[in-house]
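Written below as structure tokens is the structure these notes are about.
Numbering (mature numbering (1 follows the signal peptide of the UniProt record, and there is no 0)), first residue to last: -18 to -1, 1 to 327.
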């Protein structure tokens, strides 16, 4: 994620950028390079912060767009065949707490979607600019939620569900998790100082997923446990395999080749989490293609009968290191106890 006004303006200009693929690849409709072990790039010219959900024999992803709405895509294959969903998806103008900049952007970032068990409706979490701070020198993001009868939208904001943080510089990157005991949580990032937190939400009735339960709990702080994060810790996600909870996240600036996907493990959803020093994904050519600054990853939450694998979708930069050109990739991750890995073959 980005903080400065100039960076915000650059991010929300994403819809005007050109494809990162070569002219030959664009004409043929194929990537300029074929990766091995990971699939992509796809969903050009830009699909940052992709989420993941499998429903009705199809994979769905939602990501950051121009700040006025989010974007979505669908595939039956996961590794390929992604097609964009028609909009609008999120009716952010119905929100009573979020406000637009002069450009019309609400600063929408990093949506995440799940389907409720209580009524089969879909809940989308998102970050947007707090209208109370938007005209100040320190505009902040809050996180909220919206509900739709259909996975593709339109999602309508739940205006009594919102979390800001007056002691930090905003709250972003919400992601949902349902534990094996039925309890539900939202994990997210608080900015300046960067840290990851988790807070329980209701798991029953009409308020499932859209009512806070109890207070937030801290999970990790930036540059903690002797690891240099470049002063950035963001994009958290939680999934569970066996008796191990995996907390994934990205570090360093999202527009640099240092951006990565790291993880920590615990035996309780609220921790304590122990960080793994070697990133799961980083800038590399080991997959037979140039992968630059991978991050903003989302993982398959439901094991669907497999405890030793997990699907992941994430974005990466192109050679230009342009935040308006972050394309999507996918992969299958191996789970071996408390270790994660991706084969390059």
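Glycine residues also receive a C-beta, built at the ideal position from the N, C-alpha and C atoms.
All of these numbers come straight from a predicted model, not from anything done at the bench.
Check your understanding: Does the Cβ-Cβ distance between residue 118 and residue 90 come in under 8 Å?
Key -> As a working mapping, residue 118 is identified with position 136 in the chain shown. As a working mapping, residue 90 is identified with position 108 in the chain shown. No, they are not a contact pair.
Check your understanding: Got a sec? Which residues, its chain only, sit under 8 Å from residue 274 by beta carbon, not counting five neighbours each side?
Key -> Here the question's residue 274 lines up with position 292 in the chain shown. Excluding positions up to five away in sequence, the list reads 239, 265, 298, 299, 300, 301 and 303.
Exercise for review: Determine the direct distance from the alpha carbon of residue 309 to that of residue 209, and round the result to whole angstroms.
Suggested key: Here residue 209 refers to the residue found at position 227 of the chain shown. Here residue 309 refers to the residue found at position 327 of the chain shown. Each residue's alpha carbon lies about 27 Å from the other.
Review point. Whole alpha helix (DSSP H) runs in the stretch 52 to 112 with 4 or more residues, listed along the chain?
Key: Fully enclosed alpha helix (DSSP H) runs of 4 or longer: not present.
**Study point:** Candidates 192, 255, 225 and 162, of which the one nearest residue 207 by Cα
**Key:** The count along the chain shown starts at 1 and reaches residue 207 at position 225. Among 192, 255, 225 and 162, the Cα nearest to that of residue 207 belongs to 255.
Exercise for review: Answer with buried or exposed for residue 292, where buried requires no fewer than 16 other C-beta atoms within 10 angstroms of its C-beta.
Suggested key: Locating residue 292 in the chain shown gives position 310, counting from the first residue. It is buried - the Cβ of residue 292 has at least 16 other Cβ atoms within 10 Å.
Point to revise | C-alpha distance - residue 186 paired with residue 196, whole-angstrom precision | key: Mapped onto the chain shown, residue 186 falls at position 204. Mapped onto the chain shown, residue 196 falls at position 214. Going by the C-alpha atoms only, they are around 15 Å apart.
Point to revise | Segment contact flag, the stretch 216 to 232 with the stretch 197 to 205, C-beta cutoff 8 Å, min 3 pairs | key: yes
Review point. In chain order, what residues of the same chain lie with their CB nearer than 8 Å to the CB of residue 276, ignoring the 5 residues before and after it?
Key: On the chain shown, residue 276 is found 294 positions in, with the first residue counted as 1. So the list reads 241, 242, 243, 263, 264, 265, 296, 297, 298 and 311, once near-sequence residues are dropped.
Practice item. Could you tell me whether the stretch 95 to 103 touches the stretch 144 to 151, using the rule of 3 or more Cβ pairs below 8 Å? Key: no
Exercise for review: Reducing DSSP to helix, strand and coil, say where residue 22 ends up.
Suggested key: Your numbering for residue 22 matches position 40 in the chain shown. It is a strand residue.
Check your understanding: In terms of alpha-carbon separation, which member of 214, 183, 67 and 258 lies closest to residue 237?
Key -> Locating residue 237 in the chain shown gives position 255, counting from the first residue. The residue among 214, 183, 67 and 258 with its C-alpha nearest the C-alpha of residue 237 is 214.
Review point. Ends of the beta strand (DSSP E) at residue 35?
Key: Along the chain shown, read from residue 1 onward, the residue named residue 35 stands at position 53. First-last of the beta strand (DSSP E) with residue 35: 35 to 37.
Practice item. Measure the alpha-carbon distance for residue 13 versus residue 93 and round it to whole angstroms. Key: Translated into the one-based positions of the chain shown, residue 13 becomes position 31. Translated into the one-based positions of the chain shown, residue 93 becomes position 111. Low per-residue confidence applies at residue 13: pLDDT is 41, beneath 50, and the placement is therefore not dependable enough to give any value.
Review point. Mind checking whether residue 116 and residue 86 have CB atoms under 8 Å apart?
Key: Indexing the chain shown from 1 puts residue 116 at position 134. Indexing the chain shown from 1 puts residue 86 at position 104. Result no, Cβ atoms of residue 116 and residue 86 do not sit closer than 8 Å.
Review point. First and last residue of the beta strand (DSSP E) that includes residue 312?
Key: Sequence index remark: in the chain shown, residue 312 carries index 330 (1-based). 308 to 318 is the extent of the beta strand (DSSP E) around residue 312.
Practice item. Run through the stretch 226 to 313 for me and flag every whole beta strand (DSSP E) of 3 or more residues, listed as ranges in chain order. Key: 226 to 233, 244 to 248, 274 to 281 and 291 to 299
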